[in-house]
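Protein chains: 2
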Amino acid sequence: MFSNVNILRKRRIPVTAQRLALLRAVGAQPHATADALAEAVRSEIGAISKQAVYNTLGTFVEKGILRRIQPAGSAALYEARVGDNHHHLICRSCRKTVDVACVVGERPCLKAVDDSGFQIDEAEVIFWGTCSECLEKSGAKTARLGEPHDFCEQTNNP
Amino acid sequence: MFSNVNILRKRRIPVTAQRLALLRAVGAQPHATADALAEAVRSEIGAISKQAVYNTLGTFVEKGILRRIQPAGSAALYEARVGDNHHHLICRSCRKTVDVACVVGERPCLKAVDDSGFQIDEAEVIFWGTCSECLEKSGAKTARLGEPHDFCEQTNNP
DNA sequence: GAGTTTATTTTGACGGAATCAAATTCTCGA
DNA sequence: TCGAGAATTTGATTCCGTCAAAATAAACTC
Numbered sequence: 119m120f121s122n123v124n125i126l127r128k129r130r131i132p133v134t135a136q137r138l139a140l141l142r143a144v145g146a147q148p149h150a151t152a153d154a155l156a157e158a159v160r161s162e163i164g165a166i167s168k169q170a171v172y173n174t175l176g177t178f179v180e181k182g183i184l185r186r187i188q189p190a191g192s193a194a195l196y197e198a199r200v201g202d203n204h205h206h207l208i209c210r211s212c213r214k215t216v217d218v219a220c221v222v223g224e225r226p227c228l229k230a231v232d233d234s235g236f237q238i239d240e241a242e243v244i245f246w247g248t249c250s251e252c253l254e255k256s257g258a259k260t261a262r263l264g265e266p267h268d269f270c271e272q273t274n275n276p
Numbered sequence: 119m120f121s122n123v124n125i126l127r128k129r130r131i132p133v134t135a136q137r138l139a140l141l142r143a144v145g146a147q148p149h150a151t152a153d154a155l156a157e158a159v160r161s162e163i164g165a166i167s168k169q170a171v172y173n174t175l176g177t178f179v180e181k182g183i184l185r186r187i188q189p190a191g192s193a194a195l196y197e198a199r200v201g202d203n204h205h206h207l208i209c210r211s212c213r214k215t216v217d218v219a220c221v222v223g224e225r226p227c228l229k230a231v232d233d234s235g236f237q238i239d240e241a242e243v244i245f246w247g248t249c250s251e252c253l254e255k256s257g258a259k260t261a262r263l264g265e266p267h268d269f270c271e272q273t274n275n276p
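If you read the protein sequences in the order shown, they are chains A and B. Numbers given in my numbering equal positions in the first sequence, counted from 1, plus 118. Numbers given in my numbering equal positions in the second sequence, counted from 1, plus 118.
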């Protein structure tokens, strides 16, 4: 709790019980939704409003304390791992989400593409697939492999 | 119109005025939302229900006729370019969306990553940034660079 | 071509996720 | 401790998409 206070102080973010509890909640469960975090906080400090959750998480994302992932078809997820360059792997059937170390190394792909005049600040990569449990459940199906949707590294070097 | 009919016939999708109009609409404007497409269709054939739009677009995506992109914080976009391997570049401030060719390094990241037991079928890549117009408008502001978003921060090591 | 089967479209209600706005309460610096 | 400014609560609201049932249209068979 000590270091969490410092995290906030360091960035001039007023320290409140709600913010501290949210920080702890995100630390405890990675890839959680705003709603799940709200529940976690409630079981710890009693109550928190939906709005406070959104405000706070939004602030944390702005300030670089948290990272927000918004996978297609579901609510945003929040994680405490920032600053390292990792991506995500999501199971289409059970939605399990795991981290994937970035293959390309640092700052993947940011400059190699034709940027059309954009100033790119982030490359968001989500790998979609089926996790091992769901694969077993569905009978070790090898279905979708036929048409892999390749994502190419820009740096062709190994 | 002729070839669009064939696209549907080839896949055993019953041909309807709504589906044909939607196909034309998507062809006319890439990266459009369901709502924008509905409007386009309405100005062409008079009317279409919201549900028909969603049903149809959903079917098209399933059948591989269209591709759906779901950028964080906005409605899904649909595009007719399928089968080629390209990604997207989105302006954070005006939402302009452009295609980015995937520099074909013949190494799809699909297998290179530690897949945690997943069977990966797609790698979704979205580059976020600011387009040239918005850069100018904001006075060639290098604003966001001050607080680098996430991973630019600590990955300055080679 | 007419009739049947099947699938699509329409209509209207509904749901979850997130935001807006106003009033209240709290934190922090003087 | 006090007050200004910021955060939190509350409740309504918007946006995107889905559900369910009835009405309608397309495709297949004869």
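We put the beta carbon where it would ideally sit given N, CA and C, even for glycine.
Suppose contacts are defined by Cβ-Cβ distances below 7 Å. Is residue i in contact with residue j by that definition?
i, j, result
"Q237(B)", "T248(A)", "yes"
"L207(A)", "V200(A)", "no"
"V171(B)", "A152(B)", "yes"
"R137(B)", "T174(B)", "yes"
"A135(B)", "I163(B)", "yes"
"S234(B)", "G235(A)", "no"
Can you pull the chain B neighbours of residue i, defined as C-beta to C-beta under 8 Å?
i, result
"C209(A)", "F236"
"F178(A)", "Here the premise fails: no neighbours, minimum Cβ distance about 12 Å."
Excluding the 5 residues flanking residue i on each side, which residues of the same chain have their C-beta closer than 6 Å to its C-beta?
i, result
"Q147(B)", "none"
"A158(B)", "A143"
"A139(B)", "V159, E162 and I163"
"T177(A)", "none"
"E254(B)", "none"
Could you list which residues in chain A have their beta carbon closer than 9 Å to that of residue i, in chain order?
i, result
"Q188(B)", "Q188, P189, A190 and G191"
"C249(B)", "S234, G235, F236 and Q237"
Short of 7 Å in beta carbon distance, which residues of its chain neighbour residue i, apart from the five on each side in sequence? Order them along the chain.
i, result
"Q188(B)", "A194"
"R160(A)", "I166"
"R129(B)", "K181"
"W246(B)", "I208 and R210"
"C252(A)", "C209, S211 and C212"
For residue i, list the residues DSSP reports as bridge partners.
i, result
"F245(A)", "L207(A) and A241(B)"
"A150(B)", "Y196(B)"
"T215(B)", "I208(B)"
Do you know how far the Cα of residue j is from the Cα of residue i?
i, j, result
"T205(B)", "I244(B)", "Looking at the sequence shown, residue 205(B) is not Thr but His. Near 6 Å, if we compare the C-alpha coordinates of I244(B) and H205(B)."
"R210(B)", "E180(A)", "14 Å"
"V123(B)", "A198(B)", "15 Å"
"R185(A)", "S121(B)", "45 Å"
"I125(A)", "G145(A)", "13 Å"
"I131(A)", "I131(B)", "56 Å"
"V222(B)", "R213(A)", "Confidence at V222(B) is low in this model, with a pLDDT of 39, below 50, so its placement is unreliable and the value that follows should be read with caution. One C-alpha to the other measures close to 30 Å."
"I183(A)", "A156(A)", "18 Å"
"A154(A)", "S192(B)", "22 Å"
"V218(B)", "S256(B)", "24 Å"
"D239(A)", "Y196(B)", "24 Å"
Is the closest heavy atom of the ligand NAD to the C-beta of residue i under 6 Å?
i, result
"L207(B)", "This structure does not include the ligand NAD; it has no bound ligands of any sort."
Whose C-beta lies closer than 8 Å to the C-beta of residue i among residues of the same chain, with five residues either side of it excluded?
i, result
"R127(B)", "V133"
By the criterion of Cβ-Cβ separation under 9 Å, what are the contact partners of residue i in chain B?
i, result
"G145(A)", "Within 9 Å Cβ-Cβ: nothing; G145(A) doesn't reach chain B, min ~17 Å."
Residues of chain A with CB closer than 7 Å to the CB of residue i, please, in chain order.
i, result
"L140(B)", "In chain order: nothing, as chain A lies at least about 20 Å away."
"V216(B)", "S234"
Give me the chain B residues within the contact set of residue i, using Cβ-Cβ distance strictly less than 7 Å, ordered along the chain.
i, result
"L253(A)", "Q237"
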